[in-house]
DNA sequence: CAGTTTAGTTTACGGCGTAAACGGTAAACA
DNA sequence: TGTTTACCGTTTACGCCGTAAACTAAACTG
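What follows is the structure, given as structure tokens:
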């Protein structure tokens, strides 16, 4: 985690470069279809495995580090693709981003599993905290916020929410750009959680292969799931346009 | 897989008993929080690891075997719980079964991951075929069929479906009790896939912990997802009753 | 300069999946 | 019945894995 005004001594720069190389080599390993392992990463950097313990406390931390950075890089890709629509068109951007998210998950199932299907134990507060920093989560919540600013779709008020859920949206433990959302509008996060759950469901189902391959190929399950969310997000009248954008994205699958 | 009229020679009975013990020991290991490994399973049976190669070709096959049996056993539990409602009340049974499925996934996240989040590679036709035998899939599709028989909810006709999806529902590669569904009614399977995707999404999200723990505890995300499916399944007028059943189930979480 | 902190090494341990060669015993067959 | 065959398990071995401990050399600090 970056300090404020990092002193950036020589050593610190060196160290950060090493972290970058760890991530780089890890990403390469995964892309090559190899397993992520301390030994393989170390070897890929011309080091011995125990040396990596100067940078991560254990294997799980390596995984977390790599997962965080993969998520960051992937989100940058989706955002880049989405930015072909102007900033004041968050609905179009969301459609593109979701489609790209799915493509990424299908093209890189191992990376997807690492980032999004990596089990987080109940008690592990460190890892859970790391999760709240997830780049993709912040990106998606931000898009949802922008959509609400424009389309003003309905969301539950705080007192409509279950007390436990209310606590959760007031002090969220999920990746969410939420500070700037006024307290009384935090019901928005409930919409986010529900929408994310739906998106996560199809994409995980497809990415892990627990699904008819032909259904994956057709993209119809994903498409239908997204389209179901147009109404709750106040985008009914945008439907034809969003459908066009979505179908355009679905027609351009990644390198097969 | 059982033969027809198994000759059941002494050797074959012995062999089957060994398979049972493999599953039994594996289940115990997982329940104890240990990892599933050939060596540990072998040791737990008083054998050496290479001996297991008489029964499974490799580690992945052990996992598949155990996953299949865990799924079978778990489904039996849910079905047992659901059977407190009569056979002619499949809606109530479905509500109970879904809730129990979720409880199981929360109580045994490692087992859940093994069965439902285990990646299946594109080409691997053997494992995909095994997937079509999944007990839980058959159980849920059967319930959906029974619900349709009573409530006659709408489903897409074959020519409304995307051509690729049409193929998929006509000759399904997913676990589905489909033989008895007339060809022209196979659009039902599309409803099933969509519903399963939604259920799978929340449950996976909760089971893997990629979710605010308080939201999990409240059960509201799961509840809301299920309730969204009452209307598509023609159960609107049953809503109060189903809600009651669901809340009853949610109030009885497993051993914490 | 001396003293300390840091980044790397070597060595070692126990666990993993799995390949190969081999032995004993139970079933199958002449 | 006696011989052959098939099967179930062993031992040994290899190369991975994560990680702990002791040690060294270089870089920073005062």
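Residue numbers (our numbering), protein chains in the order written: chain G, 67 to 322; chain Z, 67 to 322. Each residue gets a CB set at the ideal place from its N, CA and C atoms; glycine is no exception. Because the structure is a prediction, the values reported are computed rather than measured.
The residues 171, 172, 175, 178, in chain order, have a CB closer than 7 Å to that of residue 273 of chain Z in the same chain once the five nearest residues on each side in sequence are set aside. Put simply, of Z/257, Z/313, Z/151 the residue whose alpha carbon is nearest the alpha carbon of residue 218 of chain Z is Z/257.
In this structure the stretch 273 to 287 of chain Z does not lie against the stretch 117 to 131 of chain Z, because fewer than three pairs of beta carbons, one per stretch, are closer than 8 Å. By the rule that beta-carbons nearer than 7 Å mark a contact, residue 125 of chain Z does not touch chain G.
Chain Z has no Cβ within less than 7 Å of the Cβ of residue 189 of chain G. Rounded to whole angstroms, the separation of the alpha carbons of residue 288 of chain G and residue 307 of chain G is 17 Å. Contact between the stretch 243 to 250 of chain G and the stretch 184 to 198 of chain G is absent, with fewer than three C-beta pairs closer than 8 Å. At the C-beta level, residue 231 of chain Z and residue 286 of chain G come within 7 Å of one another. The C-alpha of residue 215 of chain G lies about 35 Å from the C-alpha of residue 300 of chain Z. When only Cα atoms are considered, residue 97 of chain G and residue 266 of chain Z end up about 27 Å apart. Burial is judged here by how many other beta carbons sit within 10 angstroms of a residue's own beta carbon; residue 241 of chain Z has at least 16 and is buried.
Rounded to the nearest whole angstrom, the CA to CA distance from residue 156 of chain Z to residue 109 of chain G is 57 Å.
For residue 259 of chain G, the chain Z residues whose Cβ falls inside 7 Å of its Cβ are 281, 287, in order along the chain. By the CB criterion at 7 Å, residue 137 of chain Z and residue 191 of chain Z fall outside the cutoff. Per DSSP, reduced to three states, the secondary structure at residue 121 of chain G is coil, with no helix or strand assignment.
The C-beta of residue 205 of chain G has 16 or more other C-beta atoms within 10 Å across all chains shown, which makes the residue buried. For residue 98 of chain Z, no alpha helix (DSSP H) segment is defined, and its DSSP state is neither H nor E. For the stretch 150 to 206 of chain G, the full-length alpha helix (DSSP H) segments reaching 4 residues or more read 156 to 173, 175 to 182, 191 to 197 along the chain.
Interface criterion met: the Cβ of residue 278 of chain G is under 7 Å from a Cβ in chain Z. If the five residues before and after residue 164 of chain Z are omitted, its C-beta is found closer than 7 Å to the C-beta atoms of 265, 292, all from its own chain and listed in chain order.
Assignment of residue 239 of chain Z by DSSP, reduced to helix, strand and coil, places it in the coil class. Taken in chain order, the members of the stretch 223 to 238 of chain G whose beta-carbon sits within less than 9 Å of a beta-carbon on chain Z are 227, 228, 229, 230, 231, 233, 234, 235, 238. In the displayed model, residue 107 of chain Z falls within a helix according to three-state DSSP. Of the other Cβ atoms in all chains shown, fewer than 16 fall within 10 Å of the Cβ of residue 318 of chain Z; this residue is therefore exposed.
Collapsing the DSSP output to three states places residue 218 of chain G in coil. Taking C-alpha positions only, residue 262 of chain Z is separated from residue 84 of chain Z by approximately 34 Å. The three-state secondary structure of residue 252 of chain Z, taken from DSSP, is coil. Residues of chain G with a Cβ closer than 7 Å to the Cβ of residue 291 of chain Z are, in chain order, 263. Contact between residue 209 of chain Z and residue 159 of chain Z holds, with the beta-carbon distance rounding to 6 Å and staying under 8 Å. Of all residues in the stretch 101 to 114 of chain G, none is placed with a Cβ closer than 9 Å to any Cβ belonging to chain Z.
The beta carbon of residue 89 of chain G sits closer than 7 Å to those of 131, 132, 135, all from its chain and outside the five residues before and after it, given in chain order. Using a Cβ distance threshold of 7 Å, residue 140 of chain Z and residue 312 of chain Z do not count as a contacting pair. If you check the CB distance, residue 229 of chain Z and residue 255 of chain Z do not come in under 7 Å.
Using a 10 angstroms sphere on the CB of residue 120 of chain Z, the tally of other CB atoms stays under 16, which defines it as exposed.
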